[in-house]
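Numbering (this note's numbering), first residue to last: 62 to 403.
Notes for the one structure printed next.
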C-alpha cells in the first residue's frame with residue numbers, strides 16, 4: 062500500500078468536517094477518525110514484513126558495495142550502488158560477471174513473490190473489513206439526511222474497493238483447477254458487490270451467505286462482455302439459486318415451481334427457456350457451477366456435467382454478473398469468479 066493512499070484517508074475526514082457544522086460533525090467525525098487511525102495502524106503492521114525484508118536486502122547490498130570498494134572493484138561497486146537505488150524496479154539484470162551480486166538478487170527474486178503475495182492478502186482482508194465497517198456509517202448518514210457526509214464516506218469506500226481490485230489482479234486467489242484462466246473479478250466480500258432488492262450479505266464459516274425477504278441478489282461492480290466464464294461454488298438451504306446477467310435472470314436452479322426444471326432466460330431478449338430434468342441440485346451441499354457465456358452460445362454445467370446450452374446473439378451484451386436467493390431460500394457462496402474464456 063502506497064503511503065499516499067493512507068494519507069488520502071485522512072483528507073476525506075477533513076472533507077466530511079467541512080460539509081457540516083462543527084457540533085453536528087463532531088461525534089461522527091470522532092468515530093471515523095478512530096476507525097481510520099486503527100485501519101492505518103493495521104495496514105502498517107501488515108506491511109512490516111515487506112519493510113523488514115527490503116531493509117535486510119539493502120543492508121546486504123551495502124555490505125557488498127563496501128567490500129567491492131575496499132578491493133578497488135569499481136565496476137562492481139557501481140552496479141551494487143545502482144541495485145541499491147533501483148532494486149524495487151522490475152526488469153532483467155545482467156549480473157553474470159558478478160556472482161556475489163547475482164546470487165543476492167536471485168535470493169530476493171525467489172522470496173519476494175511469496176512474501177508480497179502473503180502481505181497483499183493480509184492487506185486485502187483489512188481493506189475489505191474496513192470497507193464493510195464504513196458502509197453502515199454511510200447508510201446511517203444517508204438516513205439522517207446528511208448526504209454530503211455520506212458522499213464523502215462513499216468516496217472512501219470506492220477508493221478502498223479500487224485498492225482491493227488492484228490487489229486481486231496482482232494476486233488472484235483462485236481455487237486450484239486444471240484450468241488456470243485469469244481471474245477477471247471475484248466476489249470476496251460485501252465490498253465486492255452491489256446489493257439489489259435488499260439482499261443481505263453475511264460472512265459465515267462456509268463463505269458468504271445471501272438472503273432476503275423475497276427475490277434479491279448481489280451483482281459485480283463492473284460490467285462484462287462475452288466471452289467469459291462464471292465459476293462458482295454454491296449451496297442452497299432449499300430452493301432457488303439464481304444467476305443474473307444481461308436483462309435479468311440468466312439461470313435458476315431448484316426453481317420453486319418445479320425443482321427438476323432448469324429455468325434459463327436469454328440475457329439479450331429475456332425469452333424464457335425450460336430444460337426438463339436439468340435444474341435440480343441437492344440442498345445443503347456445495348456444488349460447482351460453470352456458465353460459459355460466449356458471443357453466440359451459453360453453456361451451463363454443474364459438478365463437471367453439462368446441464369444445458371442456449372444459442373443466441375450475446376455479443377453486444379455488457380452488464381454486471383450476479384447471484385442470489387429467492388422465495389425465502391438462503392444461498393451460501395464459497396467462491397464466485399468471472400474468468401477469461403477464449
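Just so you know, even glycine gets a beta-carbon here, dropped at the ideal spot from N, CA and C.
For residue 173, the uninterrupted alpha helix (DSSP H) run begins and ends at 160–204, by DSSP.
When C-beta atoms of the segment 369–378 are compared with those of the segment 284–298, three or more pairs fall below 8 Å, so the two segments count as touching.
With contacts defined as CB atoms closer than 8 Å, residue 326 and residue 309 qualify as a contacting pair. Rounded to whole angstroms, residue 267 and residue 261 show a C-alpha spacing of 16 Å. A residue is called buried once 16 or more other Cβ atoms fall within 10 Å of its Cβ, and residue 264, having fewer, is exposed.
With respect to residue 317, residue 338 sits apart: the two C-beta atoms are not nearer than 8 Å. In this structure, the alpha-carbon of residue 216 lies about 27 Å from that of residue 272.
Under DSSP, residue 246 forms a beta bridge with 399. Per DSSP, residue 118 has no beta bridge partner at all. Between residue 353 and residue 290, the beta carbon gap of about 5 Å places them in contact (Cβ cut-off 8 Å). Within the same chain, Cβ atoms closer than 8 Å to the Cβ of residue 254 are found at 248, 262, 279, 280, 281, 282, 383, the five residues on either side in sequence being excluded. Residue 168 counts as exposed, since fewer than 16 other beta carbons sit within 10 angstroms of its beta carbon.
Going by DSSP, residue 368 is part of the beta strand (DSSP E) stretching over 366–372.
Residue 359 sits away from residue 246, with the two beta carbons spaced by 8 Å or more. With 16 or more other CB atoms across the displayed protein chains lying within 10 angstroms of its CB, residue 184 is buried.
Residue 97 and residue 365 have their alpha carbons spaced roughly 45 Å apart. The Cβ-Cβ distance between residue 225 and residue 188 falls below 8 Å. Non-local C-beta neighbours of residue 348 in its own chain, meaning closer than 6 Å and more than five positions away in sequence, comprise 342, 363, 364, ordered along the chain.
Distance from the Cα of residue 370 is smallest, within the candidate group 380, 379, 357, for 357. Assignment of residue 100 by DSSP, reduced to helix, strand and coil, places it in the helix class.
By the criterion of a C-beta distance shorter than 7 Å, residue 159 is surrounded in its chain by 137, 140, once the five residues flanking it on both sides are discounted. In the three-state DSSP reduction, residue 261 falls in the strand class (E or B).
DSSP places residue 339 in the coil class of the three-state scheme, outside both helix and strand. Under DSSP, residue 358 takes part in a beta bridge, and its partners are 372. By the 16-neighbour rule on beta-carbons within 10 angstroms, residue 91 is exposed. For the pair residue 390 and residue 319, the CB atoms are not nearer than the 8 Å cut-off. For residue 320, there is no enclosing alpha helix (DSSP H), since its DSSP letter is neither H nor E. For residue 388, there is no enclosing beta strand (DSSP E), as DSSP marks it with neither H nor E. Residue 303 sits close to residue 313, with the two beta carbons spaced by under 8 Å. Excluding five sequence positions before and after residue 196, the CB atoms of its chain that fall closer than 8 Å to its own CB belong to 218, 251, 252, given in chain order.
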